[in-house]
Each structure stands twice: as structure tokens, then as C-alpha cells.
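Q: Residue numbers (numbering that gives the first Met the number 0), protein chains in the order written: chain S, 0 to 186; chain Z, 0 to 555.
So that we are looking at the same thing, I have put the structure below in C-alpha cells.
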Amino acid sequence: MSFTAQLLRGVRLTLLLWLLTVVVITLPLLGLARLVAPDAASGSLLQRDGAVVGARLIGQPFSTARYLQGRPAGAPNLAASNPELTKRVATAASRWQSLGVTSPAPDLLQDSASGVDPHISLAAARQQLPRLARERQLPLVQLERLLRLHQEGPLGLQSIEPVVNVLGFNLALDGLSAGAVTGQPVP
Amino acid sequence: MLLWLLAAVTLAAVVLTAPALGRHLFEVFDDRPQPAWDRWLNPIEAALLRWIGDAGRSAESASGYLAPLLISNALFALPALALLLLQPLWLNPLGFGGLRWDLAMHTTISFLTNTDQQHLVPEQSLGTLAQLGAMQFLMFVSAGTGLAVGIAVIRGFSGRPIGNFHRDLLRSLTRVLIPASLLLALFLLVCGVPMTLAPPLQITTLEGASQLLPRGPIALFEAIKQLGENGGGFVSANSAHPYENPTLLTNLVSTWAMLIIPAATLDAFGRFVGNRRQSNLLLVLVFALLVIGAVVAMAAEQAGKPVLDRWISGGNLQGKELRFGAGLTGLWSVVTTGTMTGAVNGAIDAAMPLTILTTLFNLFLQVVFGGQGTGIAYLLVFLLLAVFLTGLMVGRTPEFLGRKVEKPQVVWASLILLIHPIFVLIPAALTLAGGATLAGISNPGSHGISQVVYEYASAAANNGSGLEGLGDGTPWWNLSTSLSLLGGRYLPIAALLALADGVRRKPALEPSPGTLRTDTGLFTGVTAVVLVILGALTFFPVLALGPIAEVLTLAS
Numbered sequence: 000m001s002f003t004a005q006l007l008r009g010v011r012l013t014l015l016l017w018l019l020t021v022v023v024i025t026l027p028l029l030g031l032a033r034l035v036a037p038d039a040a041s042g043s044l045l046q047r048d049g050a051v052v053g054a055r056l057i058g059q060p061f062s063t064a065r066y067l068q069g070r071p072a073g074a075p076n077l078a079a080s081n082p083e084l085t086k087r088v089a090t091a092a093s094r095w096q097s098l099g100v101t102s103p104a105p106d107l108l109q110d111s112a113s114g115v116d117p118h119i120s121l122a123a124a125r126q127q128l129p130r131l132a133r134e135r136q137l138p139l140v141q142l143e144r145l146l147r148l149h150q151e152g153p154l155g156l157q158s159i160e161p162v163v164n165v166l167g168f169n170l171a172l173d174g175l176s177a178g179a180v181t182g183q184p185v186p
Numbered sequence: 000m001l002l003w004l005l006a007a008v009t010l011a012a013v014v015l016t017a018p019a020l021g022r023h024l025f026e027v028f029d030d031r032p033q034p035a036w037d038r039w040l041n042p043i044e045a046a047l048l049r050w051i052g053d054a055g056r057s058a059e060s061a062s063g064y065l066a067p068l069l070i071s072n073a074l075f076a077l078p079a080l081a082l083l084l085l086q087p088l089w090l091n092p093l094g095f096g097g098l099r100w101d102l103a104m105h106t107t108i109s110f111l112t113n114t115d116q117q118h119l120v121p122e123q124s125l126g127t128l129a130q131l132g133a134m135q136f137l138m139f140v141s142a143g144t145g146l147a148v149g150i151a152v153i154r155g156f157s158g159r160p161i162g163n164f165h166r167d168l169l170r171s172l173t174r175v176l177i178p179a180s181l182l183l184a185l186f187l188l189v190c191g192v193p194m195t196l197a198p199p200l201q202i203t204t205l206e207g208a209s210q211l212l213p214r215g216p217i218a219l220f221e222a223i224k225q226l227g228e229n230g231g232g233f234v235s236a237n238s239a240h241p242y243e244n245p246t247l248l249t250n251l252v253s254t255w256a257m258l259i260i261p262a263a264t265l266d267a268f269g270r271f272v273g274n275r276r277q278s279n280l281l282l283v284l285v286f287a288l289l290v291i292g293a294v295v296a297m298a299a300e301q302a303g304k305p306v307l308d309r310w311i312s313g314g315n316l317q318g319k320e321l322r323f324g325a326g327l328t329g330l331w332s333v334v335t336t337g338t339m340t341g342a343v344n345g346a347i348d349a350a351m352p353l354t355i356l357t358t359l360f361n362l363f364l365q366v367v368f369g370g371q372g373t374g375i376a377y378l379l380v381f382l383l384l385a386v387f388l389t390g391l392m393v394g395r396t397p398e399f400l401g402r403k404v405e406k407p408q409v410v411w412a413s414l415i416l417l418i419h420p421i422f423v424l425i426p427a428a429l430t431l432a433g434g435a436t437l438a439g440i441s442n443p444g445s446h447g448i449s450q451v452v453y454e455y456a457s458a459a460a461n462n463g464s465g466l467e468g469l470g471d472g473t474p475w476w477n478l479s480t481s482l483s484l485l486g487g488r489y490l491p492i493a494a495l496l497a498l499a500d501g502v503r504r505k506p507a508l509e510p511s512p513g514t515l516r517t518d519t520g521l522f523t524g525v526t527a528v529v530l531v532i533l534g535a536l537t538f539f540p541v542l543a544l545g546p547i548a549e550v551l552t553l554a555s
């Protein structure tokens with residue numbers, strides 16, 4: 000068979016497979032996604048007062064004292080043998096000490112892989128509760144209860160160890176504080 | 000405890016599901032009667048083949064299979080390259096411009112070769128149209144090409160005509176990759192993976208910072224990424240990103256998805272040669288290699304870093320996601336390098352040196368399930384050499400699957416094994432000789448050597464993972480790895496087809512008392528030794544300079 004004929008076959012095959020793998024299978028799935036799981040399909044967005052404030056799955060950076068703070072991000076590729084890693088961990092540890100956490104949980108000192116890890120360990124959250132109680136002038140027991148509400152873990156096949164969704168917790172925390180100020184229950 | 004249980008359940012699920020899919024592969028590619036649920040595709044495929052202009056007859060020779068493969072693969076690159084270079088504004092909500100030529104070329108070649116090494120940050124450089132029309136398209140057709148090659152090689156070794164490339168490619172998509180990907184995509188979607196054409200969302204965080212939520216048509220992309228052993232992320236963080244891999248459950252299922260098709264292909268091999276004992280023994284061999292690696296990596300990650308003892312006790316969480324933990328990230332790293340997927344759910348660069356040693360070992364060996372279709376082909380090459388060597392030792396005429404192993408087969412098999420070190424060690428040596436600036440090394444000492452060697456090993460093995468601290472977005476890296484990508488893909492494919500076609504043409508022999516049986520535990524053990532000696536010894540010097548030296552440094 001001539002090369003031109005082979006080339007023509009190849010062109011037709013390419014056209015066919017492009018349409019098949021890009022258009023024909025993707026469009027119905029997009030439609031189905033809106034029916035089956037519209038919330039997940041559009042990114043598991045969280046809204047407050049009508050505005051999107053984040054996504055349930057995606058961690059947000061928190062640096063002020065009045066919020067539960069998440070894992071460090073930015074240098075996930077530091078090798079075990081790299082002296083920079085030791086320095087980075089030491090810096091993080093002393094920063095946590097200045098926030099009143101004397102021996103921070105390991106996940107608070109080591110970078111997440113994605114930079115947007117939505118979780119911290121239960122231990123890491125508990126260590127921050129006294130600070131939050133002080134900053135927000137809320138009783139510690141109420142924060143403990145909130146923590147249990149936002150816990151995810153192995154039983155729901157969400158995480159291999161019990162963890163807390165930081166953004167979810169902080170949104171609820173804002174809700175509590177707003178309620179405390181106005182005296183109104185917040186939905 | 001939970002960690003080991005989950006890992007065991009995941010691997011057991013592979014063993015339990017592989018025979019069902021293996022049987023399906025056999026029925027599809029040996030034209031056996033098929034179940035009603037996919038019989039309806041027959042007339043459609045026939046019509047499509049007619050439209051392409053191919054009657055679907057088997058190729059007469061290896062080149063009859065190879066020529067349409069090379070021509071179509073070259074043509075597949077064109078729409079992808081055009082989309083990456085031009086990036087029109089349609090379905091490109093953030094208005095990304097075209098990629099620099101060397102980056103566009105590297106990305107196209109990388110996805111075309113089923114590698115998916117990424118020297119770019121997708122969410123900051125690719126619009127939705129490029130993600131779908133270039134990346135997703137190439138992920139499907141490259142996986143289909145690999146599977147077709149694997150089946151053709153199996154056919155050759157079992158004495159059948161080698162097959163028709165267009166038909167094999169079309170059927171590997173319609174009967175295997177597309178239905179499996181749609182099912183997995185639906186599952187991932189329900190677990191939280193986005194599937195939308197709505198643009199990425201710029202939001203203001205609770206503290207007033209701005210953040211981009213990189214949503215898109217991820218679920219389907221993710222499914223073919225895992226099942227097709229592609230590995231290229233919709234976002235740079237790959238399977239570490241919660242949009243690609245939101246929960247512990249999706250992580251375990253994604254680990255299973257990387258293994259299932261190569262494991263099933265191995266099972267299908269046994270059905271093709273009518274000797275399932277043979278394929279089961281090979282499954283045991285490959286599984287043993289996988290489990291040894293997994294245990295080493297998981298234990299190393301769980302033990303963590305002694306240098307950080309002052310602050311941290313417990314596992315190594317640097318560059319890891321908390322929902323997977325240290326151990327399961329170690330398991331994933333071994334599976335993703337064994338299967339040539341190359342997706343990552345944590346930073347391998349920050350893994351313990353023993354984990355990096357295991358991943359490099361997998362990349363060198365290429366058979367711990369190996370690439371889509373090509374893994375089984377490489378395994379057959381090692382078997383052939385094991386037959387040859389044992390035949391020499393006991394003074395019998397070497398025979399494999401009822402056919403004599405003679406000089407041409409041994410020459411082809413040796414050539415195939417030599418291609419890999421050539422495309423790994425030579426460019427790595429050149430890059431290291433060029434100095435740290437050229438190499439873009441980010442971690443000092445022996446780890447830097449690992450970074451460079453890993454990048455070429457990953458390229459030539461068509462894996463795609465990397466020690467990502469490496470500054471690899473430069474013209475040098477793009478061009479030099481492109482060579483390794485192409486050489487590591489198409490040279491072995493050509494040689495494997497030639498080898499299989501040569502085996503097919505030999506007369507079938509009845510087993511005699513003098514025949515050395517290959518479906519025994521003893522012979523499988525010998526094969527394991529041959530694998531390690533021939534496959535890994537070439538690379539031992541770089542293993543010693545890289546991860547082994549790092550293990551010793553950390554221990555001292």
C-alpha cells in the first residue's frame with residue numbers, strides 16, 4: 000500500500016479518535032455529572048452570605064491568631080538529607096512556640112504535598128484550641144464540641160487518621176462568634 | 000495496623016479482579032464470542048474501520064503492524080502540538096497564551112509516549128481546551144497504543160498472527176479504556192472530583208487573600224490518567240491535590256486502578272498460550288517484587304527522619320497529604336513507578352532515600368507490572384533470556400512456549416534490554432558533567448545525583464514521575480528528555496514486534512522429555528534472579544552514588 004494511502008488512513012483515524020476521546024465521551028459525562036453530583040461536579044464550593052468563600056476539599060492559608068491554622072506549604076520537595084529542611088522545621092517549631100504551642104504536632108511542621116491540604120490532625124487542632132478560646136472569648140468546651148463536629152476519619156474512608164477540616168471548622172467558628180456577639184443562633 | 004490492612008486489601012483487590020478483566024481482554028483480542036453488554040459495539044467498530052479504509056486483516060509481518068502505529072502516533076501529535084502552541088481563546092477562560100516551542104514539544108512527546116512527564120504547571124499554563132483536546136486525547140490514544148503492542152507481542156509468542164494495529168487500537172479504546180474510564184470517572188465524581196466546564200474560580204479567602212480553585216473536567220481526566228498508566232496531572236500537585244484525589248477511598252481505588260490493567264494483561268497472556276499456570280507464576284513473581292518494594296518504602300516512610308528527632312516523632316510527612324499519611328504515600332510511590340503510571344500523591348523528592356531507591360529500582364527494571372502493554376512484553380523478554388541462560392547451563396536446546404529460542408531472538412532480546420540504560424545513563428552523565436546550573440539540582444549531595452538520574456529513568460521508562468524539586472523547565476531538559484522519551488518508547492516497540500513476529504514464524508514443537516519446563520516454581524525463581532542481574536546490575540553504580548549514599552549519610 001502506498002505511503003499516501005497509509006497517511007490518509009492515519010488522518011482519518013486521528014480525526015475519529017479525537018472526536019471520540021475528547022467530545023463524544025466527555026460531553027455526556029459532563030451532563031451526567033450535573034444530574035448525579037452537581038455539588039461535587041462544580042468543585043464542592045462553600046458559600047457564605049451568597050458569596051463563594053472557598054471549597055470544602057481545598058485548604059486555605061490561615062495566619063492570624065483568631066483562626067485555626069493549617070499545615071505549612073511551599074517547599075514540599077526538600078529532601079530528607081537537605082539541611083534546609085532541618086532549618087525550615089526549626090523555624091516552624093519556634094513560630095508555633097510563639098503562638099503558645101510548646102511541642103507542635105508533626106503535621107504542623109512538615110509541608111503538605113499539594114499546598115492546599117484541607118486537614119490537620121486532631122492533636123494539631125487541640126493544641127490550638129486554648130488560643131482560639133482566648134482570642135474569640137469562647138468557652139473551651141464549646142470549641143471541643145465544634146472540633147468533634149468537623150472531624151473526618153478512617154470510618155468514613157476520608158482519611159487514614161482522625162483529622163479536622165480546617166476551613167469547615169473556621170467557618171463554623173465565625174458563625175459561633177457572630178452568634179455570640181448578636182446573641183442570635185446562626186443557621 | 001490499619002495502614003497494613005488497607006494496603007493488603009488494595010493489593011488483594013487487584014489479584015481478585017485481574018482474572019475477570021484478563022478474560023475480557025482475551026475474549027476481545029482473540030475474537031471470542033463476547034457478552035451481550037459489549038456485542039453491540041461490533042457493527043459500529045466495523046463501520047468505523049471501513050471508514051478509516053482498513054479491512055481489519057492481520058498484518059503479515061512486524062513492519063505491517065509497526066508502520067500504521069508510527070504513522071498514526073506521529074499524526075496524533077499534531078492536534079496536540081497545535082493546541083499547545085496556539086491555545087486559542089475558546090474554552091480558555093483564563094486566557095493562557097501558547098507554550099514556548101520546546102515546552103510544547105516536550106509536553107506533546109511526553110503525553111504521546113504514555114509518559115506524562117510535566118515540565119509545566121498545568122493550572123497556570125493550560126486552558127480547558129488544551130487539557131481536553133491535547134492532554135486527555137493523548138492519554139487515551141497512548142494507552143491504547145501500548146495495550147495494542149502488548150497484545151500483538153502476546154499473539155506472536157502464542158503463535159498467532161500478529162493482528163491489525165488500527166483494529167487493536169480502536170478496540171482497546173472502545174472495549175477497555177473508555178468503558179473503564181467512564182465507570183471510574185463516575186465513581187470519582189461521586190467522591191468529590193469535579194467534572195465541569197465552568198472556569199477555574201478566583202475567590203477571596205476568609206482572611207482576605209485570593210485563591211484560585213482549579214476546577215475543570217477532572218474526573219474523566221483522572222480516570223484515564225490512572226487506568227491508562229499515564230500519570231499526568233490536571234494540576235501540578237497531581238494526585239496529591241484534593242480535586243484529583245479527595246479522600247482515603249479515592250486514594251485506594253486510584254492505587255488499584257494503576258495496577259488492574261497490567262495485571263489483567265498478564266492474566267490474558269496465560270489464556271492466549273493456554274497455560275494459566277505460567278501466567279499465574281509470573282503474577283506471583285511480579286507481585287512479590289511489588290510487595291517487597293512496598294514493604295520497604297512503607298516501613299521507611301512510617302519510620303520517618305532521624306535528623307528531625309528533636310522536633311518530630313513518627314512518620315515522614317514532608318511533602319505528604321494528611322489524609323493518606325506517610326505509609327500509603329510510600330505504597331503509592333512504589334505502585335506508580337512499578338506500573339509506569341507516574342502519578343504522585345506526595346513528593347517523592349522528599350521521600351526517604353530507601354523509598355527513592357525502590358522507585359528507581361522499579362524504573363530500571365520496567366516489569367514490576369510495567370507500562371500499559373509494554374510491561375508484559377518486557378517480562379517476556381526476560382523470560383526468553385532466562386530460558387536461554389538455563390538452557391546453556393543444563394545443555395538443552397532452549398525452548399519457550401513450544402518454540403525454539405535461537406540466535407535472532409537472543410539478539411533482539413539483548414538489544415531491547417540495552418536501549419534503556421543507553422537513554423538513561425548517557426544523558427544523565429552529560430547533564431551532571433554540565434554542572435549544577437545546567438542540571439537544575441535543588442537538593443545537595445548525593446540526592447542531586449538521584450534527581451538527574453531519576454528524570455531520565457522516568458523519561459526512558461515512560462513513567463513520568465519525578466523528583467520535582469529539579470528545575471526541569473529549561474530548553475536543555477525539555478530537549479534531552481524528549482530524546483529519552485522517544486527512544487524509550489518507539490525503539491523497544493519496534494524491536495518487540497520484530498521479536499514476537501520472529502517467534503511466531505517458528506514451527507511449534509511438541510514437548511519432549513528433554514524440554515525445560517518454564518511453568519515451574521524453580522524456573523520462576525531463576526527468572527527473578529535473571530531479572531535482577533540483567534535489569535538492575537547495569538544501574539547499580541548510579542544507585543550507589545544516589546540513594547544508597549544518601550541512606551548511609553542519613554544513618555551516620
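Glycine residues also receive a C-beta, built at the ideal position from the N, C-alpha and C atoms.
These figures come from a predicted structure and were not determined experimentally.
Chain S beta carbons: is any one of them nearer than 8 angstroms to that of Y242/Z?
A: yes
Q: CA-CA distance, W17/S and S253/Z?
A: 25 angstroms
Q: Name the two residues that bound the continuous beta strand (DSSP E) containing T203/Z.
A: L200 to T203
Q: Look at the alpha carbon of E122/Z and the alpha carbon of P199/Z, and state the distance between them as a whole number of angstroms.
A: 9 angstroms
Q: Cβ-heavy atom distance between D500/Z and the ligand ATP below 7 angstroms?
A: Among the components modelled here there is no ligand, and therefore nothing to report on the ligand ATP.
Q: Rounding to the nearest angstrom, what Cα-Cα distance links V366/Z and A79/S in this structure?
A: 28 angstroms
Q: In this structure, how does DSSP classify L321/Z when only helix, strand and coil are distinguished?
A: coil
Q: If you measure between the beta carbons of T20/S and V140/Z, is that distance less than 8 angstroms?
A: yes
Q: I'd like the span of the beta strand (DSSP E) that includes G370/Z, first residue to last.
A: Here G370/Z belongs to no beta strand (DSSP E), and DSSP marks it neither H nor E.
Q: Exposed or buried, L282/Z, counting other C-beta atoms within 10 Å across all chains shown (16 or more means buried)?
A: buried
Q: Pull out every residue of the stretch 137-153 of chain Z whose Cβ sits closer than 7 angstroms to any Cβ of chain S, in chain order.
A: F139 and V140
Q: Output, in chain order, the set of chain Z residues within a Cβ distance shorter than 9 angstroms of F61/S.
A: What F61/S touches in chain Z, judged by beta-carbon distance under 9 angstroms, is T204, L205 and E206, going in chain order.
Q: Pull up the DSSP beta-bridge partners for A54/S, would you.
A: L44/S
Q: On the criterion of 16 or more Cβ atoms from any shown chain inside 10 Å, does G167/S qualify as buried, or is it exposed?
A: buried
Q: If you run the structure through DSSP and keep just helix, strand and coil, what is G191/Z?
A: coil
Q: Could you have a look at Q150/S and say whether DSSP puts it in helix, strand or coil?
A: strand
Q: Where does the unbroken alpha helix (DSSP H) through L119/Z begin, and where does it stop?
A: From DSSP, L119/Z is part of no alpha helix (DSSP H); its letter is neither H nor E.
Q: Give me whichever residues DSSP pairs with G345/Z in a beta bridge.
A: K319/Z
Q: Which residues in chain S sit within 8 angstroms of H165/Z, going by Cβ to Cβ distance?
A: R8 and L12
Q: I'd like to check one pair, R33/S with A40/S: are the Cβ atoms closer than 8 angstroms?
A: Yes, these two residues count as a Cβ contact at 8 angstroms.
Q: In this structure, what does DSSP give as the bridge partners for E398/Z?
A: K403/Z
Q: Whose Cβ in chain S lies nearer than 8 angstroms to the Cβ of I51/Z?
A: R8, R11, L12 and L15
Q: Output, in sequence order along the chain, the residues in the stretch 185-203 of chain Z whose CB is closer than 8 angstroms to any CB in chain S.
A: Under the 8 angstroms Cβ criterion, the stretch 185-203 of chain Z contributes L185, L188, V189, C190, G191, V192, P193, M194, T195, L196, A197, L200, I202 and T203.
Q: Please list the partners that A36/S has in chain Z, where partner means a Cβ-to-Cβ separation under 7 angstroms.
A: L188 and V189
Q: Would you call V393/Z buried or exposed, if buried means 16 or more other Cβ atoms sit within 10 Å of its Cβ?
A: Counting Cβ neighbours within 10 Å, V393/Z comes out exposed, since fewer than 16 surround it.
Q: Closest by CA to G534/Z, which one among L414/Z, G162/Z, Q116/Z and E243/Z?
A: L414/Z
Q: Using a Cβ cut-off of 8 angstroms, pull out every chain S residue sitting near T552/Z, in sequence order please.
A: Result: S80.
Q: Strictly under 8 angstroms for the Cβ-Cβ distance: is D308/Z near chain S by that measure?
A: no
Q: Name, please, each residue of chain Z whose Cβ falls closer than 9 angstroms to the Cβ of L29/S.
A: M194, T195, L196, P216 and L219
Q: Would you verify that the beta carbon of V165/S is, or is not, closer than 8 angstroms to some beta carbon of chain Z?
A: Residue contact check for V165/S against chain Z: no CB pair falls below 8 angstroms.
Q: CA-CA distance, P510/Z and E228/Z?
A: Their backbone Cα atoms lie some 37 angstroms apart in a straight line.
Q: Tell me which same chain residues have a C-beta within less than 7 angstroms of the C-beta of T480/Z, skipping the five on either side of it?
A: H105, Q116, E454, Y455 and A458
Q: Take the Cβ of I532/Z as the centre, count every other Cβ of all protein chains shown within 10 Å, and call the residue buried at 16 or more, exposed below.
A: exposed
Q: Does the beta carbon of E549/Z come closer than 8 angstroms to any beta carbon on chain S?
A: yes
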